[in-house]
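K.L.:
This is the structure, below, for whatever I ask next.
In the working numbering, the protein residues as written are 242 to 647.
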């Protein structure tokens, strides 16, 4: 039977053994914790956005600014190649054809009216000329009679004198009528010319508008449909046959495929991260393998409302693509990773190996005697790795799991 004193001694031995077993097991567990080495390398913070491939330069085809409705009745297939002179766009011309006929009819009427009026003016002016000639003849006869008045009676002489004066007044009046008619005819001819010019202008405008309803390719390339705001609502979509559009609306583009861009939109909360001349990596959804490179070339100075959500504001952004590749086609969906921060030769650790407690940032650095919590100073992170400014050195092994030694 064990005495009370020996019982307490035995209990103490068992307790010490249990404590030794616990700490030994904990030490073994900590010493076996997986580690990773502090490495030195290039660090990048990337900002991801979705975008669409576009040509850097393209010829835009817009709806003509003409009166009346503009209903599209023909479109060249999107993505198909065109050559110079191919018919790529046509609008309904029925209304404009009638307007052209009406303008032509009005012009012909004005020209016919001009011929009639000119003929009447010539005839009337000829009659006035005949009146002048008759007045001249009458005046000559009156003068001859006056010369013979020497042998006539006083009464006859007075009558001849009156006849001469009457003939002189008649000639003067006839000449005045001619001069007045010349002025009237000159003004009337000007009015006729103005009326015909107005009708001619109406016809020329109608003909020009009629011709502008048919659009031919001015350069070779492929056709890309533009997105337009559909009439009767706020919906936007690619242009299609049957659409009724407003004059001046951009409908098609013929891109130059030698230089390509990515069009993207960045939210107002992230726009401060993006700057001109930042490097970017571009990946195509249709070809996930290749990585293309580019530079941010333009950021809109003002925000626009997002089409799908009017409460969201975005800034339009362009990224010039460095490479030329036949896989880069306008309209393709792409993802863009923009390098918003970078550091060469930085000390790096995975975020999973860095721990925080209140105002402390630390890692568990391994040494010959085991792991020890070491305070570190950190910089930027990219969601995977973090820059270490001070506290550890390249090649140090740190635990990737929280050992709970703090």
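Just so you know, even glycine gets a beta-carbon here, dropped at the ideal spot from N, CA and C.
Could you tell me the alpha carbon to alpha carbon distance between residue 324 and residue 461, rounded to whole angstroms?
P.N.:
So the alpha carbons of these two residues sit roughly 4 Å apart.
K.L.:
Curious, which full-length beta strand (DSSP E) runs of at least 3 residues does the region 529 to 606 contain?
P.N.:
Fully enclosed beta strand (DSSP E) runs of 3 or longer: 532 to 540, 554 to 562, 574 to 591 and 596 to 598.
K.L.:
Check residue 481 in the structure and name its three-state DSSP category.
P.N.:
Correct three-state label for residue 481: coil.
K.L.:
Who are the near neighbours of residue 505 in its chain, counting only those whose CB is closer than 8 Å to its CB and skipping five residues on each side?
P.N.:
So the qualifying residues of the chain are 290, 291, 292, 293, 557, 558, 559, 560 and 577.
K.L.:
Roughly how many angstroms separate the alpha carbons of residue 617 and residue 639, rounded to a whole number?
P.N.:
Distance between the alpha carbons of residue 617 and residue 639 is about 12 Å.
K.L.:
Can you check which of these residues, 637, 572 and 388, is closest to residue 609 by C-alpha distance?
P.N.:
The shortest C-alpha separation from residue 609 is found at 637.
K.L.:
If you scan the region 429 to 509 from start to end, which runs of the beta strand (DSSP E) of 3 or more residues do you find wholly inside it?
P.N.:
Those beta strand (DSSP E) runs which fall completely within the region 429 to 509 and span 3+ residues are 455 to 457, 468 to 470, 477 to 479 and 491 to 508.
K.L.:
According to DSSP, simplified to helix, strand and coil, what is residue 351?
P.N.:
DSSP places residue 351 in helix when its eight states are reduced to three.
K.L.:
With distances taken Cα to Cα, identify the nearest neighbour of residue 542 among 482, 551, 513 and 388.
P.N.:
Among 482, 551, 513 and 388, the Cα nearest to that of residue 542 belongs to 513.
K.L.:
For residue 328, which of 356, 368 and 464 has the nearest alpha-carbon?
P.N.:
Nearest C-alpha to residue 328: 464.
K.L.:
For residue 632, which option in 374, 470 and 589 has the closest C-alpha, if you only look at C-alpha atoms?
P.N.:
The shortest Cα separation from residue 632 among 374, 470 and 589 belongs to 589.
K.L.:
Is it a yes or a no for the region 565 to 580 touching the region 511 to 525, going by three-plus beta-carbon pairs under 8 Å?
P.N.:
Result yes; three or more Cβ-Cβ pairs closer than 8 Å.
K.L.:
Please state whether the Cβ-Cβ distance between residue 279 and residue 621 is less than 8 Å.
P.N.:
In this structure, residue 621 does not lie closer than 8 Å to residue 279 by Cβ.
K.L.:
Can you give me the C-alpha to C-alpha distance between residue 454 and residue 358, rounded to a whole angstrom?
P.N.:
Cα-Cα distance, rounded: 37 Å.
K.L.:
Could you tell me the alpha carbon to alpha carbon distance between residue 652 and residue 624, rounded to whole angstroms?
P.N.:
Residue coverage of the chain in this structure runs from 242 to 647, which leaves residue 652 outside it and unanswerable.
K.L.:
Tell me where the beta strand (DSSP E) around residue 281 begins and ends.
P.N.:
280 to 303 is the span of the beta strand (DSSP E), which, as asked, contains residue 281.
K.L.:
Can you give the Cα-Cα distance for residue 535 and residue 562, rounded to whole angstroms?
P.N.:
Those two C-alpha atoms are separated by around 4 Å.
K.L.:
Does the distance from the C-beta atom of residue 300 to that of residue 494 stay below 8 Å?
P.N.:
Yes, these two residues count as a Cβ contact at 8 Å.
K.L.:
Among the candidates 444, 502, 424 and 540, whose CA atom is the shortest distance from the CA of residue 571?
P.N.:
Of the listed residues, the one whose Cα sits closest to residue 571 is 502.
K.L.:
I'd like to check one pair, residue 309 with residue 288: are the Cβ atoms closer than 8 Å?
P.N.:
No; because the gap between Cβ atoms is not below 8 Å, this pair is not in contact.
K.L.:
Taking DSSP as the reference, what is the three-state secondary structure of residue 621?
P.N.:
If DSSP states are grouped into helix, strand and coil, residue 621 belongs with the strands.
K.L.:
On the DSSP bridge assignment, give the partners of residue 332 in chain order.
P.N.:
According to DSSP, residue 332 bridges with 313.
K.L.:
Classify residue 592: buried if its beta carbon has 16 or more other beta carbons within 10 angstroms, exposed otherwise.
P.N.:
Exposed is the call here.
K.L.:
How about residue 411 and residue 376: are their beta carbons less than 8 Å apart?
P.N.:
Contact: yes.
K.L.:
Report the option in 445, 313 and 388 whose CA atom is closest to the CA atom of residue 341.
P.N.:
Comparing Cα positions, the closest option is 445.
K.L.:
Between the alpha carbons of residue 298 and residue 533, how many angstroms are there, rounded?
P.N.:
Going from the Cα of residue 298 to the Cα of residue 533 covers about 19 Å.
K.L.:
If we ignore side chains and look at the alpha-carbon of each, how far apart do residue 413 and residue 379 end up?
P.N.:
Cα to Cα, residue 413 sits roughly 12 Å from residue 379.
K.L.:
If you follow the beta strand (DSSP E) that residue 628 is in, where does it begin and where does it stop?
P.N.:
Its beta strand (DSSP E) spans residues 626 to 631.
K.L.:
Could you please give me the residues that DSSP links to residue 412 through a beta bridge?
P.N.:
Residue 412 is not bridged to any residue.
K.L.:
Would you kindly check if the distance between the Cβ of residue 581 and the Cβ of residue 515 is under 8 Å?
P.N.:
Yes, they are a contact pair.
K.L.:
Excluding the 5 residues flanking residue 347 on each side, which residues of the same chain have their C-beta closer than 8 Å to its C-beta?
P.N.:
Contacts found: 440, 443 and 444.
K.L.:
By the 10 Å Cβ neighbour count, where 16 or more other Cβ atoms means buried, how is residue 481 classified, buried or exposed?
P.N.:
Residue 481 should be labelled exposed.
K.L.:
Buried or exposed: where does residue 469 fall if 16 or more other Cβ atoms within 10 Å of its Cβ makes it buried?
P.N.:
Counting Cβ neighbours within 10 Å, residue 469 comes out buried, since at least 16 surround it.
K.L.:
Per DSSP, residue 321 is paired with what?
P.N.:
Bridge partners of residue 321: none, in fact.
K.L.:
Relative to the alpha-carbon of residue 585, which residue among 374, 281 and 629 has its alpha-carbon at the smallest distance?
P.N.:
Ranking 374, 281 and 629 by Cα distance to residue 585 puts 281 first.
K.L.:
With DSSP as the reference, identify every bridge partner of residue 614, one or two as the case may be.
P.N.:
Partner(s): 605.
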